[in-house]
Amino acid sequence: MRKCYIGCYELRLRYCTDLQITDARKQLLRSLEIQTEKILRPLLRATGSSR
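Residue numbers for the sequence shown follow this note's numbering, beginning at 13 and rising by one.
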């Protein structure tokens with residue numbers, strides 16, 4: 013009984029940390045996208061106008 017309970021607790025803990033990790037990863041990717049857009053947009057504009 014106790015062993016099963018501990019197993020369930022570990023599973024829940026792992027599930028929660030997985031959720032947190034995926035959430036953090038999503039936020040990181042989002043900020044990366046924003047950064048690349050900020051950098052690339054002026055570059056694209058510059059190359060487009062020079063043509």
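The beta-carbon is built from N, C-alpha and C at its ideal position, and this holds for glycine as well.
Length of the line joining the Cα atoms of residue i and residue j
i     : j     : result
ASP35 : ILE51 : 25 angstroms
SER61 : GLN39 : 33 angstroms
ARG20 : ARG37 : Checking the sequence shown, residue 20 turns out to be Cys, not Arg. Distance between the alpha carbons of CYS20 and ARG37 is about 25 angstroms.
THR59 : CYS28 : 46 angstroms
ARG53 : LEU44 : 14 angstroms
ARG42 : GLU22 : 30 angstroms
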